[in-house]
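>
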Amino acid sequence: MNEAILFPGQGAQFPGMGRDWCETFPAARAVFDRADEALGFPLSEACAGDEVHRTDVAQPGILATSAAILSVLRERGLDTAAAPLCAGLSLGEYTALWCAGAFSLEDALRLVRLRGEAMQAASEATESGMTSLIGADEETARTLAAVGAEHGICQVANLNAPGQVVVSGENAALDAVEAAAREHGVKRALRLTVAGGFHSECMRPAADRLAAALEEVEIAAPVVPVVSNVTARPVEGPDEIRRNLTEQICAPVLWERSMRWAVDERGVTAFLEPGPGTVLSGLMRRIEKGATVRSAAEPADLDTA
Numbered sequence: 016m017n018e019a020i021l022f023p024g025q026g027a028q029f030p031g032m033g034r035d036w037c038e039t040f041p042a043a044r045a046v047f048d049r050a051d052e053a054l055g056f057p058l059s060e061a062c063a064g065d066e067v068h069r070t071d072v073a074q075p076g077i078l079a080t081s082a083a084i085l086s087v088l089r090e091r092g093l094d095t096a097a098a099p100l101c102a103g104l105s106l107g108e109y110t111a112l113w114c115a116g117a118f119s120l121e122d123a124l125r126l127v128r129l130r131g132e133a134m135q136a137a138s139e140a141t142e143s144g145m146t147s148l149i150g151a152d153e154e155t156a157r158t159l160a161a162v163g164a165e166h167g168i169c170q171v172a173n174l175n176a177p178g179q180v181v182v183s184g185e186n187a188a189l190d191a192v193e194a195a196a197r198e199h200g201v202k203r204a205l206r207l208t209v210a211g212g213f214h215s216e217c218m219r220p221a222a223d224r225l226a227a228a229l230e231e232v233e234i235a236a237p238v239v240p241v242v243s244n245v246t247a248r249p250v251e252g253p254d255e256i257r258r259n260l261t262e263q264i265c266a267p268v269l270w271e272r273s274m275r276w277a278v279d280e281r282g283v284t285a286f287l288e289p290g291p292g293t294v295l296s297g298l299m300r301r302i303e304k305g306a307t308v309r310s311a312a313e314p315a316d317l318d319t320a
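Going by this note's numbering, the first residue of the sequence shown is number 16, and it counts up by one from there.
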């Protein structure tokens, strides 16, 4: 297999996510059955309606959907152990680690359920959010984050692709960022519809809860390289996985750097995106025009994926 495997993060969810796979393939249905049992509530039902947009439902729901799709692809002969690398955007890093054998499916699901609950609680404790700076580069984003930081917590949260940068923090700080954006050459500053200031210090209580949970989970060394959001380099073993996943809650997502490492250092130019939506395909077109990304977002995609 010469394709790296990429997994989407929060924001890819939609009502009815995974249903078409479960109705068509018993292997996909089996994944959601395991998820329902591991979490102690019917995740498959929660994903059917608007409840899917809650952080504590979206995170395990996206992971379960990606795992269900991958189970079908594996059943059809996909050898994930032969992939050159795996990576996932924020939440998707947990799916990547599961795919690479670092977590059991049940532990991965329970971790992201707790992660979602902890992030939701932190969001409710601090009025915060995220703003996309359309057309901005990293230097401009850091300058604007410094402007915002004069009014509260504010930092660069996502470096997803050229012109696709997000800052995160307390609402008063984001107000200041948005007011100053145009004079710094930003085409548009768009407040995102999210529960809170993810990937900022607003999430510190969530990081502390997750750190404690990770200490209780058995983690193995990945069988294929998994590129960390925090370092844009492959993780080496269980201790580094725990450390990076804890830090990831408050640290910026270095997605563009991660994909540049895959292309420039590993020579990977072909990618597979099994999961809801095609967000990562769009980002890759911005990062490396010569790369190809095959999506497996719905059963009809099996003809190409």
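Beta carbons: idealized from backbone N, C-alpha and C, even for Gly.
Which runs of the beta strand (DSSP E) fall wholly inside the segment 230–292 and span at least 3 residues, in chain order?
The segment 230–292 contains these whole beta strand (DSSP E) runs: 285–289.
> Between M218, A266, E303, Q74, which lies nearest to Q25 when the distance is taken from Cα to Cα?
Closest option to Q25, Cα to Cα, is Q74.
> Counting Cβ pairs, one atom from each stretch, are 3 or more of them under 8 angstroms apart for the segment 290–307 and the segment 74–88?
Segments in contact, yes.
> Quick check on A61: does DSSP put it in helix, strand or coil?
Helix, per DSSP.
> Count the CB pairs spanning the segment 229–243 and the segment 200–215 that are closer than 8 angstroms, and state whether there are at least three.
Contact fails: fewer than three Cβ-Cβ distances are below 8 angstroms.
> Can L58 and A176 be called in contact, C-beta distance under 8 angstroms?
Contact: no.
> When DSSP labels each residue in this structure, what does V209 get in the three-state scheme?
Looking at V209 - three-state DSSP - the assignment turns out to be coil, as it is neither helix nor strand.
> Report, in whole angstroms, the separation of the C-beta atoms of A306 and F286, which I expect to be a contact under 8 angstroms.
So it is a contact: roughly 6 angstroms between Cβ atoms.
> Counting only the same chain and skipping the five closest in sequence on each side, list residues whose C-beta sits under 8 angstroms from that of T246.
Answer for T246: N259, L269, listed in chain order.
> What is the residue span of the beta strand (DSSP E) that C169 lies within?
Unbroken beta strand (DSSP E) run through C169: 169–176.
> Could you tell me whether the segment 176–196 touches the segment 99–113, using the rule of 3 or more Cβ pairs below 8 angstroms?
These segments do not touch.
> Among T261, R275, V241, R309, which has the Cα closest to the Cα of A97?
For A97, the nearest C-alpha among the options comes from V241.
> If we ignore side chains and look at the alpha-carbon of each, how far apart do A323 and M32 end up?
Look at the range of the chain in this structure, 16 to 320, and you will see that residue 323 is not part of it.
> Measuring CA to CA, which of I84, A187, A140 is closest to V162?
Out of I84, A187, A140, A187 has the C-alpha closest to the C-alpha of V162.
> Could you give the DSSP three-state label for F47: helix, strand or coil?
Note: F47 maps to helix in three-state DSSP.
> Which of the three DSSP states is assigned to R125 in this structure?
Of the three classes helix, strand and coil, the one that applies to R125 here is helix, per DSSP.
> For A45, is the classification buried or exposed, using 16 other Cβ atoms within 10 angstroms of its Cβ as the cut-off for buried?
By the neighbour-count rule (16 or more Cβ atoms within 10 Å), A45 is not buried but exposed.
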